[in-house]
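Residue numbers (the numbering used here): 789 to 1208.
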């Protein structure tokens, strides 16, 4: 017993003593660290920036888009004046981004206008995401290496001359304080601008230049919020280009940069359709598409009439200006065709969705299986025609062939949001 106490007893005491001290001191150390953390600044998170993204004024951005849009229109007029055309007015030499598809026509006017627009916006807003229809036209499409991509007409003032003046930020004064309720802002990383430098290239090639437009649209987090729609040839005369613009949620409606001439026809011009024509449907010349026919029939189920009008932008501008009541587009338009157009329609109290009634999403980099293609079609309606808009979309949703295409060739999944 003595040996046990004198030997192992002392050994246990010396081992336990440090443990006892640690059990007393450790809580005190932890308490001290906790108290210090209350007053110490937070440590930066690894991999995250502590700098807030820059905020930009949407009215100011829209103003620069309006100015850039006007420059694109000027380029189209410049190239148009020098293009070699046949006696019937058509462009003599045409290239196609998709071989054999007249809607994919590419000319020097498309390329010159896009260069003028995109370069000006990049200079005005460093870091701004811009998606242009002709971004890769001369690189990977069937038109790569074509005559249009090396046309001498590309070397115009906007491309090869001295640097143009900065884009103006004061062209939309009615959208800025104090005339508006407040300045609308967005974080720069959330903003994408979509550019169609020449909407209606087929019409341009065939000499129907009044149907040609330049479209510059603004999206924030995928939603269309602003747009500038330029009309290079507003009449058959020598009237200068005019740009219509709108900002969703501003309560202002449409504004114009330039003089909007009084047109010679209802669709191209200013007055509302006559009572016997209501609703006035504007559509393209696509034949044999059963789903489109369902939409056409639904639009005119209660009467009215339809008229042919080329170009997505032209159809939507007619709706926004009250010169048409509803527009149904084919299934081949893209984000750059509708981003600006949707903003003008919605800014005037109308609506624009896909043919199933879902909002179109505009992303700088669409998530697969989505692409820039508006595969679900497009329907636009003027203020006061929301009920008809819903009826058209309901008819398409109830159509078996439309559902099969939605789930099959369009790559959607049952139970998922069509628009998202």
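Heads up, the beta-carbon is just placed ideally off N, CA and C, and yes, glycines get one too.
With contact defined as three or more Cβ pairs closer than 8 Å, the stretch 1035-1045 and the stretch 997-1005 are not in contact. Remark: C-beta atoms of residue 1142 and residue 1169 do not approach each other more closely than 7 Å. In the same chain as residue 1145, and ignoring 5 residues on each side of it, the C-beta atoms closer than 6 Å to its own belong to 1181, in chain order. Comparing alpha carbon positions, the residue from 1028, 1047, 1195, 992 closest to residue 862 is 1028.
Comparing C-alpha distances from residue 1097 to each of 972, 1082, 1175, 998 shows the shortest one belongs to 998. By the CB criterion at 7 Å, residue 1062 and residue 1126 fall outside the cutoff. Restricting attention to 981, 1077, 962, 1151, the CA atom closest to the CA of residue 1184 is found in 1077.
Here residue 1016 carries a strand assignment [DSSP, helix/strand/coil].
In this chain, the beta strand (DSSP E) harbouring residue 1141 covers 1139-1141.
Burial is judged here by how many other beta carbons sit within 10 angstroms of a residue's own beta carbon; residue 1064 has fewer than 16 and is exposed. Residue 1113 is classed as buried because its beta carbon has at least 16 other beta carbons within 10 Å across all chains shown. Across the structure, residue 897 and residue 864 are spaced so that their CA atoms are roughly 5 Å apart. Shortest Cα-Cα distance from residue 1018 to any of 1040, 1041, 907, 988 involves 988. The Cβ atoms of residue 860 and residue 985 sit closer than 7 Å to each other.
Counting the other CB atoms within 10 Å of its CB gives residue 1026 a total below 16, which places it among the exposed residues. In this structure, the beta-carbon distance from residue 1129 to residue 1150 does not fall below 7 Å. Scanning 1011, 975, 1086, 956 for the CA closest to the CA of residue 852 turns up 956.
According to DSSP, residue pairing for residue 975 in a beta bridge involves 843. Judged by DSSP in its simplified three-state form, residue 1047 adopts coil rather than helix or strand. In this structure, DSSP gives residue 1103 a helical state, which the three-state scheme calls helix.
Residue 961 counts as exposed, since fewer than 16 other C-beta atoms from the protein chains shown sit within 10 angstroms of its C-beta. Residue burial annotation: residue 977 is exposed, with fewer than 16 other C-beta atoms found within 10 angstroms of its C-beta. Contact annotation: residue 1069 and residue 1136 have beta-carbon atoms that are not nearer than 7 Å.
Annotation for residue 1036: no alpha helix (DSSP H) segment contains it, and DSSP assigns it neither H nor E. A straight-line Cα-Cα distance of about 19 Å links residue 1121 and residue 1195. Short of 8 Å from the beta carbon of residue 1040, and not among the five residues preceding or following it, lie these beta carbons of its own chain, in chain order: 962, 963, 968, 1034, 1135.
Residue environment: residue 1030 is assigned as buried (16 or more neighbouring CB atoms within 10 Å of its CB, all protein chains considered).
For residue 1005, the uninterrupted beta strand (DSSP E) run begins and ends at 1001-1008, by DSSP.
Excluding its 5 nearest sequence neighbours in each direction, residue 1118 has C-beta neighbours in its own chain below 6 Å: 1072, 1074, listed in chain order. Within its own chain, the residues whose Cβ lies closer than 6 Å to the Cβ of residue 921, once the five positions on either side in sequence are excluded, are 984, 1124, listed in chain order. The alpha-carbon separation between residue 867 and residue 857 amounts to approximately 16 Å. If you ignore the 5 residues before and after residue 959, its C-beta comes within less than 7 Å of the C-beta of 851, 854, 855, 1045, all in its own chain and listed in chain order.
Of 1066, 1106, 1020, 1067, the smallest CA-CA separation from residue 1047 is found for 1020.
For the set 1088, 848, 1101, the Cα lying nearest the Cα of residue 1177 is the one of 1088. The three-state secondary structure of residue 1074, taken from DSSP, is coil. In this chain, residue 951 is not harboured by any alpha helix (DSSP H), its DSSP state being neither H nor E.
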